[in-house]
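A short write-up of the structure that comes next.
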Amino acid sequence: MNKREELLSVVDNEDLQKFVKFVQTLKSEAVDLVEILSGCSKKQLDRLWEGVQQTCAVTMLSIEAGDDDNGDHLEEEMMKILEVLQCVVDLASAAIQQEEPHVSPCLKSSAVLLLGLLLPMPETADRLKNDICVLCEKWWQKNLPGKEDLITNALIYLLQRSLSLQTKKEIKRLWSLHTALSLFNMSDASSDMLRDLLCQCVINTPFLKFDEGCRFLGCVMSLDPNLTDCLHKIIKTHMPISNRNVMERYGEIYFRAWQTATGPVLEKLESAIQNVMDHAVHAKKSLAPGLRCLLGYFHKQRKHSGVDSMLLRLYGPLLWRSLKVANCHVRENAAMLLLDSFPLQDQELCNEELDQLLQKQFDIFQNLLEDTYPSIRSVTVRKLCKILSTFCEFIPAETIKNLVTKMMQDLVWDASSADVRASVILSMMTLLDNQMFIPMLKPILPQLCNHIHDVSEKVRVAMIELLLKVKGIRAIKYWDIVPMEHILARLEIDSHPVARRIMKLLQSTFMPLDKPKSVQLDRCVALIESSRGAARQYFHYAPANLSVQDTATYMISIVACILRCIKAEKSKQDGVDTSQQEGGDNSKSQDAAAEELDEEEEEEEEEDGTLTIHNTEVMAGLVEAVVILWSVTNNEFKKRQNHGIEKNLQTKISIAVTEMMKFFDDPQVCAALINLAGFVPYNSVPTISRMCLSKLKKMPVDSVAEDYNCYLDALCKWDKVVDILDLVDEWLTEGLQQGHSQTPTVKVGKTNRKSVGFVVPHEPAPILGIDYLTYMLRHPICRPILTSHENELTQLQTKLKTVMKCVEKNLRSDTEPVNDDLLTASFGLYCKLAGILHQSNTKNDATSTFEELYSWADVHVLPSISQLDKRADMTSRKRTLFTLTDITILPSPDTQDKQTDLSRKRTSQQAGQNSGTLATSIVEMILAAWGDLLLIGIGDTSFAVLLADFCVSCLQRDECLSTLSAVMNCLCSVTAHILLQGKRSDGDSIAAYLGKVFIAIATALLKDKDQVSKLLPGVRNHLMEIFTLVYGSPLMDETTLQEIMATVIGALLGELVHTSQQFDLEEISGDLTQLPPLSRWLCDSVCRKNYIAKHFIGELGKCLESGAVDDLHTLHGAIHMLGSIAKYKPKIPGMKECWIAVQSQADKIKSEQHTQEEEEEDVRDKELLQSLTTKLQECQQALGLAS
């Protein structure tokens, strides 16, 4: 019996277990069911499916009978039933896979029965459910009889599966069944499940990501008007959170739906599209770009029939009206839509109507270019130039000319907006993409020349981008638009974004590596002659576009050029002097150096004689070029793969720089050569290396950094920092010991030195030595090398500590004082080194150093500050006396003695006058260095509290507030440190420190109001920074914030009450000028930022409501302050509530005043009450409150 007969026999027996076992056996043996069924006749197939139908019926009955069972037995039975159904599905699938399948009624009934079980089946039978769905899909695709009955549940299941798995494969399967959607009545209640699933699909990311998903959703949107409306609403709710890619996909969905829709669905779709257009016109700035992306898909589909007429029909009622509204944002959105959708036209119109429609759009463009809102002008320029470039063949030449003229003559000079100017320049690049515009733009582009110097970096960048664009066009030369002098001027001074683009423009112009070396050098010389500053910038950026080998080769070529110039100059000299032999030796060495450097150059590449060594500017520029190139490329040279290049370069440069130093004496050239020598080993240039330290020793006292920086840089590169430190140490020792003595000293050489040498006398210059170290600490090359010598710096710091003793002597004025400038500079360097050498829990711990400085300053320095005012007054009184005693008519025998006594008196008086200044400088240095330590994270909270105590102590001793600025700056650092720690300080709070500062200022104002009033504006920013830190931090608790503002209000009311008692509170002004100095300073500080002012007004209101303002003068001060703030900044939150509180308090105090019986007080009190009432009314008017 063959397999076919066995199958028929098993089915006829109606034995489910045998049927399942037989089918599973066939599958396990890889027997093709399709082949078995293809051999059956129609009669046999009918017999087979009749039996299978009976099997299905029995299975269904068993399912119904098993509904009453429970537990494991039910699960077991269900597994058997699923196996039977799986076998039926396998047979049905094999039956319809034949070329011409025979669909018997029983086969169709079995398939319908399986489809009915598709959705109710449990999730565990997912494989069976998927196979049933596949069966229905194939049935539909083969267009077999009864396909309409087999697709409904399959489509719903496939939608559920696609939303669950979210794979491209499932979405493709769904798209293959999209034609079956027409079978559903979407308005009927039976389609609710399908409609809900379709609504989920429209916001599902995979459906929007894959093309098949977009096609399917486009088909769905064209099914039913109600469904279209529902999907449109869902899409609108999803638009605010959709990116541009998703919005463009939505545009594709709407377009596909519009293409296939007809009748009511088409009307509904066009209404939905017009709704999107309306939202795009009126949308906020964040949403409008996405909506334009959606509509942009329609703009790109103009090739399809009917799109143009649809866009005109839908845009027409919106755009023409929206372009004339007052709201600038609506006008901007409408303008962008019009520019994106240009040309709006309808091919069914006649030519005359088309021309009128296009002219209407051109007129609108002209108006948009003149719009009052800069953003509209900017976007119009950019998009309009794209239109002109794209449609230039269809736009009248006169129209193009008028629009371009408008941009080039008016908008490019728009002083109100840099964006507009930049847009015009960048838009010229768009026009240049079209070859037809080149003849038109060539004569007018030079008008943009001065825009390379525009104040806006954006415009300058746009200008260079335009030049880069022109560089690629043969018909226009970029230097005809902007002369080279202007480009080089910008390269010299402009920012990195501009300079980088200029380098891209000029790289091949001044460094043509594909040209002979002689041409490269000519271009280099031309660049230096044009602008040395620009040349420096050029060579700074050049290595970014060169290889390491090309950079080294170029540097060697420049040095070889200089040596050839030297050789040429020597050959022109006439006669032979007494040093002929030596000159001959030098000439030979120069020739050898030139040959060593330039072995590969040919004879014809030698200089033509136009460049000489007498042109020191060019010579210095050439050497600087080599130095800059080496500085920028030095890190690349240090890499292992470039070690050979560096070695070769050092060998050749060491020979050349030695020869050049013998010949040049110009300071610029020599400085550049010293810098160049710093890159080669120390022993390779012994003459130069020994000269550097000697030059530093002989440097004049008044030298500046430009005079000695090259020597310091070179010595640091050679790691000769110890020699510099020894020199500074020697100078400091002699300077601190000798005071003002100017006797030259001779430095004794080291005893262990075996070589014989001469010791040159030199004058010690300790301040200059400190300047050396200060420069080295600031310079990026010298600093890391200097700080690596920690032991030597520690020894120097120990030496500098002796300055504290000298300061004490100067402040006491009991001996011949050391120069104050030297003490100040030395002490400043000591404080800097304390921070630089800081290491926690070691002898170099900066915190212990500054704690020691605190104790020392409190005992020896601060007392001198407190005597500054007294000494100044004494000096002023004695100056007249000294002047009169100096006048002598005839000399007397004891004139010399009198003059000596007078000189001593002057010295003593001058020391007394300067001690206060020295003390102030010392304190300011301590405060500055201490505050810097806190800012970089050195020290804990107790260290910050100690600094705050020192600040308060300084102000309490400093009666003239000479240290106020330094103190306030330090309190900013303390506040920042406390906030960074995330907790309040262990000592006094920030409010307490501020309170002590306010008390010190108020005390000083009583003594010298005019002088202190001049100091307060200079420290306003410090106080504002403290307020900003405190009230902008989320770490501060409400209690601390209230304490700080209560302290401010207390200081304000204290001064205002005092002024009111003196009857000096004048009328209220709108700029706080009528407030007393401290109150004006505090009110101006708290009112600068609204969130700080809000806290201030809130705390003032609480103060008034609490009854703290309980007397007439306090109330007068509060009203005067509130009225001044109301006129200065009336929109601070809480002002009206505060006015109500002060009005209530005023009414209460007025009623109490009426009960007083003393006549003498009534007169003054009545005047005060009258002033109080007037100011209350002014405050009420300023706040806009009804009477």
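Just so we're aligned, residue 1 is where the sequence shown starts under the UniProt record's numbering, counting upward by one.
From the three backbone atoms N, C-alpha and C, an ideal C-beta is built for every residue, glycine too.
Source: prediction; values computed, not measured.
Problem set entry | Delimiting residues of the alpha helix (DSSP H) encompassing L506 | 496-510
Exercise. What's the C-alpha gap between residue 1192 and L833?
Worked result: Nothing about residue 1192 can be reported from this structure: the residues present for the chain run from 1 to 1187 only.
Exercise. Which whole-angstrom value describes the C-beta separation of L82 and A125, a residue pair presumed to lie in contact below a C-beta threshold of 8 Å?
Worked result: 5 Å
For this session: Please check the pair L163 and L197, which I expect to be a contact at CB under 8 Å, by giving their CB distance rounded to whole angstroms.
Result: 7 Å
Problem set entry | As assigned by DSSP and simplified to three states, the class of K720 | coil
Exercise. Is there contact here, the region 1098-1110 with the region 1031-1039, by at least three beta-carbon pairs under 8 Å?
Worked result: Taking 8 Å as the limit for Cβ pairs, the verdict is that the region 1031-1039 does not touch the region 1098-1110.
Exercise. So what does DSSP say about Y373, is it helix, strand or coil?
Worked result: coil
Exercise. Does the distance from the C-beta atom of T616 to that of D665 stay below 7 Å?
Worked result: no
Exercise. For N642, does the count of other Cβ atoms within 10 angstroms reach 16, so buried, or fall short, so exposed?
Worked result: In summary, N642 is buried, with 16 or more beta-carbon neighbours lying within 10 Å of its beta-carbon over all protein chains present.
For this session: Within its chain, find whatever has a CB closer than 7 Å to the CB of H1095; leave out the 5 residues flanking it on each side and keep chain order.
Result: So the list reads Y1031, L1041, M1045, once near-sequence residues are dropped.
For this session: Please name the residue in C1179, T430, K639, V952 whose C-alpha comes closest to that of K996.
Result: V952
Exercise. Just to confirm, are N153 and L115 a CB contact at a threshold of 7 Å?
Worked result: Taking C-beta atoms as the reference points, N153 and L115 count as a pair closer than 7 Å.
Problem set entry | Rounded separation between S322 and A283 - CA only | 12 Å
Exercise. First and last residue of the alpha helix (DSSP H) that includes M484?
Worked result: 484-493
Exercise. From Q1061 to T917, what distance separates their C-alpha atoms?
Worked result: 37 Å
Problem set entry | Distance between A415 and Q366 (C-alpha atoms, nearest Å) | When rounded, the distance between both Cα atoms is 19 Å.
Exercise. Count the other CB atoms within 10 Å of the CB of L1006; is the residue buried (16 or more) or exposed (fewer)?
Worked result: exposed
Problem set entry | Any alpha helix (DSSP H) of 4 or more consecutive residues that is wholly inside the region 682-732 | 686-697, 705-717
Problem set entry | Cα-Cα separation, D363 to L159 | 52 Å
Exercise. Once you ignore the five residues that flank Q301 on each side, which residues in its own chain have a CB closer than 7 Å to its CB?
Worked result: F255, V307
For this session: For the alpha helix (DSSP H) containing H279, list its first residue and its last residue.
Result: Start and end: 263-282.
Problem set entry | Host alpha helix (DSSP H) of T522 (start-end) | For clarity, residue 522 is Asp in the given sequence; the question names Thr instead. 517-530 is the span of the alpha helix (DSSP H), which, as asked, contains D522.
Exercise. Quick one, which of R382, Q737, N709, H789 has its alpha-carbon nearest T774's?
Worked result: N709
For this session: Return the chain-ordered list of same chain residues with a C-beta closer than 6 Å to the C-beta of L693, the five sequence neighbours on each side being excluded.
Result: For L693, the CB contacts under 6 Å within the same chain, skipping 5 residues up- and downstream, are D723 in chain order.
For this session: Would you list, in sequence order, the uninterrupted beta strand (DSSP E) runs of no fewer than 3 residues that lie entirely inside the region 192-239?
Result: Listed in chain order, the beta strand (DSSP E) elements of length 3 or more contained wholly in the region 192-239 amount to none.
Exercise. Can you list, in chain order, the residues of its chain whose CB lies under 6 Å from that of D454, leaving out five sequence neighbours each side?
Worked result: R460
Exercise. Applying the criterion that 16 or more other CB atoms from any shown protein chain within 10 Å of the CB defines a buried residue, is F216 buried or exposed?
Worked result: buried
Problem set entry | Residue from I865, S921, L933, V680 whose Cα sits closest to the Cα of G835 | L933
For this session: Compare the Cα-Cα distances from E1137 to each of L1183, L1112, D1147 and report the closest residue.
Result: Nearest in C-alpha terms to E1137, of all of L1183, L1112, D1147, is L1183.
For this session: Verify whether the separation of the beta carbon atoms of S222 and V265 is less than 7 Å.
Result: Yes, Cβ-Cβ distance for S222 and V265 is below 7 Å.
For this session: Please classify residue 1192: is it buried, with 16 or more other beta-carbons within 10 angstroms of its beta-carbon, or exposed?
Result: Lying outside 1 to 1187, the shown extent of the chain, residue 1192 is not represented and no answer is given.
For this session: Quick one: grab the DSSP three-state call for R244.
Result: Annotated three-state conformation of R244 is helix, per DSSP.
Exercise. Thinking just about the alpha-carbon of each residue, which of L7, K27, S28 is nearest to the one in K18?
Worked result: L7
Exercise. Applying the criterion that 16 or more other CB atoms from any shown protein chain within 10 Å of the CB defines a buried residue, is G251 buried or exposed?
Worked result: buried
Exercise. S488: which of N434, L994, A526, R244 sits nearest, CA to CA?
Worked result: Contrary to the premise, residue 488 reads as Leu rather than Ser in this sequence. Ranking N434, L994, A526, R244 by Cα distance to L488 puts A526 first.
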